[in-house]
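Residues are numbered in our numbering as their position in the sequence shown, beginning at 1, plus a constant of 100.
Even for Gly, the Cβ is constructed at its ideal location relative to N, Cα and C.
One structure is given below, encoded as structure tokens.
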Amino acid sequence: MRHLRDLAVRLALGEAVGDELPMAAATALVEGADSLALRELAGLSKGESREAVDLFRVAMGQLGKPVPDGRGARLHRMREAAATILDGAGDPEELAHEIYWQACYSGSPELRRVGDRFLELYAGWGVTHADAEASEAAMRAAAESFLRAHPA
Numbered sequence: 101m102r103h104l105r106d107l108a109v110r111l112a113l114g115e116a117v118g119d120e121l122p123m124a125a126a127t128a129l130v131e132g133a134d135s136l137a138l139r140e141l142a143g144l145s146k147g148e149s150r151e152a153v154d155l156f157r158v159a160m161g162q163l164g165k166p167v168p169d170g171r172g173a174r175l176h177r178m179r180e181a182a183a184t185i186l187d188g189a190g191d192p193e194e195l196a197h198e199i200y201w202q203a204c205y206s207g208s209p210e211l212r213r214v215g216d217r218f219l220e221l222y223a224g225w226g227v228t229h230a231d232a233e234a235s236e237a238a239m240r241a242a243a244e245s246f247l248r249a250h251p252a
């Protein structure tokens, strides 16, 4: 289901995912997800992108995980980056930049404030923060606060 959710987010952000959808649907069926539209989607061939996208939207709705709007997709990406910071995986500087970037294009003043906080942390990560441990702790605290305020 995670792969389907990732495809839904990518679709909401305007990425071309149509050719990936039939195989993703087939994999999801094997993993236990099931809906009438998902079955139909799995039977499409690679060249039927437009049909695949339409069926994917229906299938995600039937599975109770509708394709988000752009703001929802950006919020999802922000949550993923924040969770990755807390897991200690990835480059905190790059993850902070991802949160900032998604917030900038979310259209939400509230998320923009979150993005600005991560920009502040991102900008101060290098030379201006002599204490790398303190910088990382500040980044983790901001990520934890964001996830608490914006649960999935």
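- The criterion of a C-beta distance shorter than 7 Å is not satisfied by Ala243 and Ala159.
- When C-alpha distances from Arg102 are compared across Arg212, Leu211, Val167, Tyr222, the shortest belongs to Val167.
- In the structure shown, Asp191 falls within a coil segment according to DSSP collapsed to helix, strand and coil.
- Between the stretch 197-212 and the stretch 146-155 there are fewer than three inter-stretch CB-CB distances shorter than 8 Å, so the stretches are not counted as touching.
- For Arg177, the number of other beta carbons within 10 angstroms of its own is at least 16, and it is reported as buried.
- Contact fails between the stretch 193-200 and the stretch 120-130, because fewer than three Cβ pairs, one in each stretch, are under 8 Å apart.
- In this structure, the CA atom of Ala241 is about 12 Å from the CA atom of Glu233.
- Annotation for His250: no alpha helix (DSSP H) segment contains it, and DSSP assigns it neither H nor E.
- Straight-line measurement puts the Cα of Leu155 at about 8 Å from the Cα of Glu140.
- Of the residues assessed, Pro251 falls on the exposed side of the cut-off, its CB having fewer than 16 other CB atoms within 10 angstroms.
- For Pro209, the uninterrupted alpha helix (DSSP H) segment begins and ends at 209-223.
- Pro122: member of the alpha helix (DSSP H) spanning 121-130, first to last residue.
- Taken through DSSP and simplified to helix, strand or coil, Gly161 comes out as helix.
- Between Ala126 and Ala142, the C-beta spacing is below 7 Å.
- Taking Leu247 as reference, the option from Val109, His197, Thr184, Lys146 with the minimal CA-CA separation is Thr184.
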